[in-house]
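What follows is a short report on a single structure.
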Amino acid sequence: MATTERPPSTSRLRTWMLEGLSDMGKGGGHTGPHAEPEPPHQGQRWWRVMCLTGVDYFSTLGYQPGIAALAAGLLSPVATVVLVVVTLAGALPVYRRVAEESPHGEGSIAMLERLLSFWQGKLFVLTLLGFAATDFLITITLSAADASTHLVENPHLSEALHGKQMLITLFLVALLGAVFLKGFLEAIGVAVALVGVYLALNLVVVITGLWHVVTAGHVITDWSSALTTQHGNVFAMIGVALIVFPKLALGLSGFETGVAVMPHVKGGPDDTEQRPVGRIRDTKKLLTTAALIMSCFLIATSFITTLLIPEKEFEEGGDANGRALAYLAHAYLGNAFGTVYDVSTIAILWFAGASAMAGLLNLMPRYLPRYGMAPHWARAVRPMVIVFTLVAFLVTWIFDADVDQQGGAYATGVLVLISSAAIAVTIAARKAGQRGWTLTFAVISAVFLYTTVVNVIERPDGVKIGACFIAGIMLVSLLSRLARAFELRVTSVSLDPLAERFIRDMASRKMRFIANEPDRRDKAEYRDKIEQIRADNDLPEQEDFVFVEVTVTDPSEFEAGLTVRGEVLHDRYRVLTLESASIPNALAALLLHIRDATGRTPHIYFEWTEGNPFANFLRFFLFGQGEVAPVTREVLREAEPDRERRPRVHAG
């Protein structure tokens with residue numbers, strides 16, 4: 064008697080792990096939380112979506128004033144003004160243009176991808192993905208580290224949690240991963256609440272700090288006197304501020320995320336998928352409003368922290384290290400308010416990691432599986448969450464959960480992405496014939512490239528960890544591409560009327576095809592080919608053939624549809640022509656399609672290719688050609704396990 068057994072627990076676990084789509088982006092090809100745009104009338108108001116990117120952007124107030132004070136000392140307010148100018152006059156115009164050119168959340172990487180083809184384009188995108196991974200992963204680890212700093216330094220918890228910052232940081236990273244494994248619902252609503260409370264508390268701290276600066280007049284006098292003593296005049300101060308500005312580049316974070324969340328912005332009633340004008344307009348409002356709010360807070364917080372906090376407290380081990388505004392909250396508003404401020408800061412910093420994780424889950428599945436450079440499970444959210452969480456553990460351990468040490472790596476990732484965006488919009492403006500914008504964006508690109516180079520020279524840790532991410536992505540990508548080399552990767556097959564007629568005519572007898580590499584395409588080429596195939600395979604003269612010719616397009620592409628066209632050449636020879644990234648894959652897909660459409664088993668005939676087998680495999684891997692016959696047979700073997708139903712491959 065047959066019994067129905069429950070699937071083993073490993074199958075249930077596998078099904079759960081590969082469920083595939085996050086709660087924020089169901090229903091389409093990409094799997095990340097920001098992947099699929101919401102319908103125009105079911106999105107969110109732009110200011111609500113601003114809070115989703117704001118948990119990343121605004122949360123840097125938790126550590127930016129302290130980093131600025133360490134980098135610029137008494138010049139911190141002046142250097143921060145330079146940062147604000149670069150933000151409003153550089154990064155903001157660039158990303159407003161990115162939003163216009165890439166309205167579905169693809170970002171600047173997609174813009175640059177369209178400019179390059181073949182393997183150089185893929186490798187360039189993989190390099191940018193390495194820096195993007197640096198940006199987002201360091202956001203997770205740095206934010207968690209700073210959240211644990213606020214927790215450990217709280218007067219009520221300092222004694223109990225002293226020396227446990229690493230464990231707390233790892234716990235916060237693990238908690239973030241657990242949330243994404245379960246699902247990530249109502250992110251925008253949570254972000255609105257967190258950002259609203261956090262900005263309100265910061266406003267209270269800023270107003271209180273400015274009040275103390277104004278009422279204690281000697282503070283401004285002492286600061287200006289010290290500045291004059293150190294730097295002499297205003298021009299020297301501005302010069303030094305420009306030099307130290309690259310160290311403050313963390314204050315530019317958040318723009319790439321701002322574009323990534325575009326699909327959630329509610330569009331206008333007249334929006335179309337091809338041209339969502341309302342979404343573009345409101346995303347520009349989102350970017351501008353976020354930049355203005357952050358600029359005001361950056362200037363105010365750098366001013367009050369520099370004037371009111373002793374310099375030694377910013378250094379490692381000091382009470383204001385990594386938590387300058389929390390230091391002021393406790394000092395001037397009491398421990399009760401300070402604790403509320405700490406809780407709010409910890410929450411938004413932790414949620415900034417959530418925003419970064421969402422960015423990773425949006426970015427990686429958008430490119431790697433499409434390139435064939437990731438396993439199938441990379442399209443599912445949960446396995447990728449585990450991978451990113453483990454990498455975040457490693458980064459936290461390497462940097463010892465230290466905010467200051469991770470600043471260089473974070474700034475490098477941010478600056479590389481902004482520089483690539485600036486270059487992308489410069490090229491876009493040039494193609495559009497906009498000379499003024501081309502020159503403007505070229506100057507902005509030069510500024511960001513200079514800032515990136517200086518940051519790399521002064522803090523090489525950033526480019527080192529970025530290089531590690533790039534090397535890791537390259538290695539995994541190439542290994543995955545090798546592992547999937549014999550996979551059937553044609554997404555669809557369509558035949559034109561003449562090609563369909565050829566197939567119908569052959570369906571009543573044995574279906575024989577000849578794989579031909581087109582050369583002169585004259586009568587002699589096809590006549591000689593038929594004679595050679597008959598001789599090599601000992602076939603009778605009455606056998607009928609159809610030629611199949613594949614032209615390789617971009618061999619670096621992995622998945623694509625296949626269009627088959629029929630031709631009659633020299634009033635005699637029937638030819639099916641195809642364009643594909645890989646000859647064996649195209650032939651295998653065509654044979655399987657014909658088998659399914661006719662119920663008959665097709666036969667295909669090849670010549671053996673001369674040359675070294677390994678060299679031929681490399682030709683297939685890199686250029687889609689090489690030893691076609693055995694590779695076609697292997698693709699068919701993997702696609703159709705049943706030998707009886709598998710199309711027949713002959714080589715002679």
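Quick note: to get my numbering, add 63 to the position in the sequence shown (first position is 1). Note that CB positions come from ideal geometry on N, CA and C, so glycine has one too. All of these numbers come straight from a predicted model, not from anything done at the bench.
Distance CB(residue i)-CB(residue j) smaller than 9 angstroms
i, j, result
"F532", "A154", "no"
"Q544", "T475", "Reading the sequence as shown, one finds Arg at residue 544 and not Gln. Result no, Cβ atoms of R544 and T475 do not sit closer than 9 angstroms."
"Y261", "S418", "no"
"V611", "I577", "yes"
"T204", "V479", "no"
"F621", "R547", "yes"
"F234", "V448", "no"
"G629", "V638", "yes"
"Q107", "K348", "no"
"S206", "A415", "yes"
"L175", "I411", "no"
"V526", "E319", "no"
"H213", "G125", "yes"
"V488", "R160", "yes"
Reduced DSSP category for residue i - H, G, I as helix; E, B as strand; rest coil
i, result
"A495", "coil"
"L625", "strand"
"P102", "The predicted position of P102 is uncertain, since its pLDDT is 48 and thus under 50; no value can be drawn from it."
"T408", "helix"
"I177", "First, the amino acid is wrong: residue 177 is Arg here, not Ile. Helix."
"R584", "coil"
"H393", "helix"
"E379", "coil"
"E703", "coil"
"E604", "coil"
"Q469", "helix"
"Q595", "helix"
"Q107", "strand"
"P618", "coil"
"L431", "coil"
Bounding residues of the alpha helix (DSSP H) (the contiguous stretch that carries residue i)
i, result
"F181", "181-215"
"V328", "Careful: V328 lies outside any alpha helix (DSSP H) and carries neither H nor E."
"A131", "127-135"
"T554", "Run containing T554: none in the alpha helix (DSSP H); it sits in the beta strand (DSSP E), 553-558."
"M537", "524-546"
"H633", "Neither: H633 is in no alpha helix (DSSP H) and is coded neither H nor E."
"V661", "Before going further, note that residue 661 is Thr rather than Val in the sequence given. Here the alpha helix (DSSP H) through T661 covers 646-661."
"A304", "297-307"
"F121", "Careful: F121 lies outside any alpha helix (DSSP H) and carries neither H nor E."
"E319", "318-323"
"F234", "228-245"
"A152", "Where A152 is concerned, there is no enclosing alpha helix (DSSP H), given that its DSSP letter is neither H nor E."
"A223", "221-224"
"D285", "281-294"
Residue interval of the beta strand (DSSP E) (run including residue i)
i, result
"S643", "636-643"
"Y158", "Premise fails: Y158 lies in the alpha helix (DSSP H), 155-164, not in any beta strand (DSSP E)."
"F451", "It is not in any beta strand (DSSP E) - F451 instead sits in the alpha helix (DSSP H) that spans 444-461."
"A578", "575-578"
"F610", "609-615"
"T737", "Nothing can be reported for residue 737: it is not among the residues displayed for the chain, which extend from 64 to 715."
"Y668", "666-669"
"R711", "711-714"
Inter-residue CB distance, residue i and residue j (contact presumed, cutoff 8 angstroms)
i, j, result
"F504", "V157", "7 angstroms"
"M733", "S540", "No statement about residue 733 is possible, as the shown extent of the chain runs from 64 to 715 and does not include it."
"G136", "E378", "Rounded, the Cβ-Cβ distance is 11 angstroms, inconsistent with contact."
"A389", "T408", "6 angstroms"
"A651", "P618", "With a Cβ gap of about 16 angstroms, A651 and P618 do not count as contacting."
"L133", "A304", "Not quite, the Cβ-Cβ distance comes to about 15 angstroms (not below 8 angstroms), so this is no contact."
"V698", "F549", "5 angstroms"
"A323", "G168", "5 angstroms"
"L654", "L625", "Their Cβ separation, rounded to whole angstroms, is 11 angstroms, which puts L654 and L625 out of contact at 8 angstroms."
"F199", "G422", "5 angstroms"
"R613", "A649", "Looking at the sequence provided, one finds Val at residue 613 rather than Arg. Indeed they touch by this definition, with Cβ atoms about 5 angstroms apart."
"A208", "Q469", "7 angstroms"
"W500", "A492", "4 angstroms"
"I362", "V147", "6 angstroms"
Answer yes if the segment 251-258 comes into contact with the segment 108-117, meaning at least three C-beta pairs across the two stretches below 8 angstroms, and no otherwise. yes
Inter-stretch contact (C-beta, 8 angstroms, three-pair minimum) for the segment 175-194 and the segment 343-358: no
The segment 294-303 / the segment 322-337 touching (three or more Cβ pairs under 8 angstroms): no
With contact counted as at least three CB pairs below 8 angstroms, one residue from each stretch, are the segment 513-522 and the segment 221-241 in contact? no
The segment 397-411 in contact with the segment 203-223 per 3-pair CB rule at 8 angstroms: yes
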